[in-house]
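The structure under discussion appears below in the form of structure tokens.
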Amino acid sequence: MSVILDVRNLVTTFSTDYGKVAVVDGVDFVIKQGETLGVVGESGCGKSVTSLSIMGLLAQNGKSEGEIRFHDKNLLQVSEKEMQKIRGNEIAMIFQEPMTSLNPLHPVGKQIGEAVLLHLKVSKAEAKQRAIQMLKAVGMPRAEEIYNEYPHQLSGGMRQRVMIAMAMACDPKLIIADEPTTALDVTIQAQILDLMQDVKEQTGTSIMLITHDLGVVSEMCDRVIVMYAGQVVEETDVETLFSEPKHPYTVGLMESIPELGTEKEYLDTIPGAVPLAHQMPTGCRFAPRCSKVMPICEQKQPPLLELSNQKCRCWLYQEVSE
1 MSVILDVRNL
11 VTTFSTDYGK
21 VAVVDGVDFV
31 IKQGETLGVV
41 GESGCGKSVT
51 SLSIMGLLAQ
61 NGKSEGEIRF
71 HDKNLLQVSE
81 KEMQKIRGNE
91 IAMIFQEPMT
101 SLNPLHPVGK
111 QIGEAVLLHL
121 KVSKAEAKQR
131 AIQMLKAVGM
141 PRAEEIYNEY
151 PHQLSGGMRQ
161 RVMIAMAMAC
171 DPKLIIADEP
181 TTALDVTIQA
191 QILDLMQDVK
201 EQTGTSIMLI
211 THDLGVVSEM
221 CDRVIVMYAG
231 QVVEETDVET
241 LFSEPKHPYT
251 VGLMESIPEL
261 GTEKEYLDTI
271 PGAVPLAHQM
281 PTGCRFAPRC
291 SKVMPICEQK
301 QPPLLELSNQ
311 KCRCWLYQEV
321 SE
């Protein structure tokens, strides 16, 4: 499979009261054609900032360095005008909360049609037909009527379907989905995930799925990167992640999942919290929370080590990688 997106040494910093702070620090990964890459980690790990860096949607005080290669173009070096042609057309994004992403003053169909008019050379009538076609494609009943309805008239699940219809409208090569089911109940969540899977199978679109839900990862993803404190700490295929997690953080995430048929008074947790971006430990960023911490962990940052079929940022595996 050919590589659609190649992210190399991505560093995203923000100007703050504490000076320049790196929220994403040296992230590398690739997304291949037709695959779903899961990006996993707690809130504050840098998942969403990574996606906004790719889309060129950082706040004014944010800056990205490194390489984000999409079809051999480094997106960090293209002009804003060129980025506008790519954004929504070749790379589309589904945001976590559609109510804040959709314009409350315009009918949802018109908002889908706007993306079509912007990127495809079609008339307004053709754009409207395309918008209705996309609403039908995402399983919307009464698509012609919903075209004229406003976001507040739709349920959460319907609004998320509108977001997916908008993302699909121009047949993008890559869809970035940032926690697309977080605000939805379990049954609607399953429908949205099935819909995204159908889109991938029918169009061959690649998906970057950002989530903290490992159940979603097991259902949807081919490969996974686990992020912690702005860095990738583990990368592997989804089967290996669940059968042989290596990094202590990944192991902790796995152990915190409740199992059917077992009775526990309390769920397992990882003690402590993700360090603040301006207060990173000197050595391994997970060391203050790690049960297997060694003296070297507190002194020196581990590199992302190459193991047999996965990568892991942990001193425990230094000898294995050599």
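Residue numbers for the sequence shown follow the numbering used here, so the first one is 1 and each next one is one higher. Note that CB positions come from ideal geometry on N, CA and C, so glycine has one too.
Practice task
Counting only the same chain and skipping the five closest in sequence on each side, list residues whose C-beta sits under 8 Å from that of Ile192.
Solution key: Residue numbering aside, residue 192 sits at position 192 when the sequence shown is read from its first letter. So the qualifying residues of the chain are Gly157, Gln160, Arg161, Ile164, Pro180, Thr181 and Leu184.
Practice task
Would you mind working out which of Glu201, Val233 and Gly215 sits nearest Met254, comparing C-alpha positions?
Solution key: Walking along the sequence shown from the start, residue 254 turns up at place 254. The option with the nearest alpha carbon to Met254 is Gly215.
Exercise for the section: With DSSP collapsed to three states, give me the class of Gln331. Expected result: This structure does not reach residue 331, given that the chain is present from 1 up to 322, and the question cannot be answered.
Practice task
State the CB to CB distance for the pair Met220 and Gly34, rounded to an integer number of angstroms; the pair is presumed to be in contact (CB under 8 Å).
Solution key: The sequence position of residue 220 within the sequence shown is 220, counting from 1. The sequence position of residue 34 within the sequence shown is 34, counting from 1. Met220 to Gly34, Cβ: 13 Å. No contact.
Exercise for the section: Could you name the residues of the same chain whose beta carbon sits closer than 6 Å to that of Pro98, not counting the 5 residues immediately before and after it, in chain order? Expected result: The residue labelled residue 98 in the question sits at position 98 within the sequence shown. Counting only Cβ-Cβ distances below 6 Å, and skipping sequence neighbours, we find Arg159, Gln160 and Met163.
Practice task
Give the secondary structure of Val293 by DSSP, where H, G and I count as helix, E and B as strand, and everything else as coil.
Solution key: For the purposes of this step, residue 293 is taken as residue 293 along the sequence shown, with counting starting at 1. Of the three classes helix, strand and coil, the one that applies to Val293 here is coil, per DSSP.
Handout entry: Boundaries of the beta strand (DSSP E) in which Glu65 is found, first to last residue
Key = For the purposes of this step, residue 65 is taken as the residue at position 65 of the sequence shown. Taken as a continuous stretch (DSSP letters only), the beta strand (DSSP E) holding Glu65 covers Gly62 to Phe70.
Handout entry: Nearest neighbour of His278, chosen from Ser15, Phe70, Ile257 and Lys81 [CA to CA]
Key = Here the question's residue 278 lines up with position 278 in the sequence shown. Checking every option, the nearest Cα to that of His278 belongs to Ser15.
Practice task
Specify whether the stretch 138 to 148 and the stretch 57 to 65 touch according to this definition: at least 3 beta carbon pairs, one from each stretch, less than 8 Å apart.
Solution key: Segments in contact, no.
Problem - Cβ contact check for the stretch 282 to 298 and the stretch 223 to 231: 3 or more pairs under 8 Å - result: yes
Handout entry: Meets three-Cβ-pair contact criterion under 8 Å: the stretch 104 to 114 and the stretch 144 to 154
Key = yes
Practice task
Determine the direct distance from the alpha carbon of Tyr317 to that of Glu201, and round the result to whole angstroms.
Solution key: For the purposes of this step, residue 201 is identified with residue 201 of the sequence shown, where counting begins at 1. For the purposes of this step, residue 317 is identified with residue 317 of the sequence shown, where counting begins at 1. C-alpha separation (whole angstroms): 37 Å.
Problem - Rounded Cβ spacing between Met55 and Ile210 (contact assumed at less than 8 Å) - result: In the sequence shown, residue 55 corresponds to position 55, counting from 1. In the sequence shown, residue 210 corresponds to position 210, counting from 1. Not really, about 12 Å apart at Cβ, beyond 8 Å.
Problem - Alpha-carbon spacing of Ile265 relative to Gly272, whole angstroms - result: Against the sequence shown, residue 265 aligns to sequence position 265. Against the sequence shown, residue 272 aligns to sequence position 272. Here residue 265 is Glu; the residue named in the question, Ile, does not match the sequence. When rounded, the distance between both Cα atoms is 20 Å.
Exercise for the section: Ignore the nearest five residues each way along the sequence and tell me which others in Val217's own chain have a CB closer than 7 Å to its CB. Expected result: The residue labelled residue 217 in the question sits at position 217 within the sequence shown. The residues are Gly38, Val40, Thr211, Val224 and Val238.
Exercise for the section: Taking all protein chains shown into account, decide if Leu267 is buried (16 or more other Cβ within 10 angstroms of its Cβ) or exposed. Expected result: The sequence position of residue 267 within the sequence shown is 267, counting from 1. By the neighbour-count criterion, in which a residue is buried when 16 or more other Cβ atoms sit within 10 angstroms of its Cβ, Leu267 is exposed.
Practice task
Let me know the alpha helix (DSSP H) ranges lying completely inside the stretch 121 to 171, each 4 residues or longer, listed in chain order.
Solution key: 124 to 137, 143 to 146 and 156 to 168
Practice task
Compare the Cα-Cα distances from Asn309 to each of Thr236, Lys136 and Glu90 and report the closest residue.
Solution key: Reading the sequence shown from its first residue, position 309 is the one you call residue 309. Taking each of Thr236, Lys136 and Glu90 in turn and checking the Cα distance to Asn309, the smallest one comes out for Thr236.
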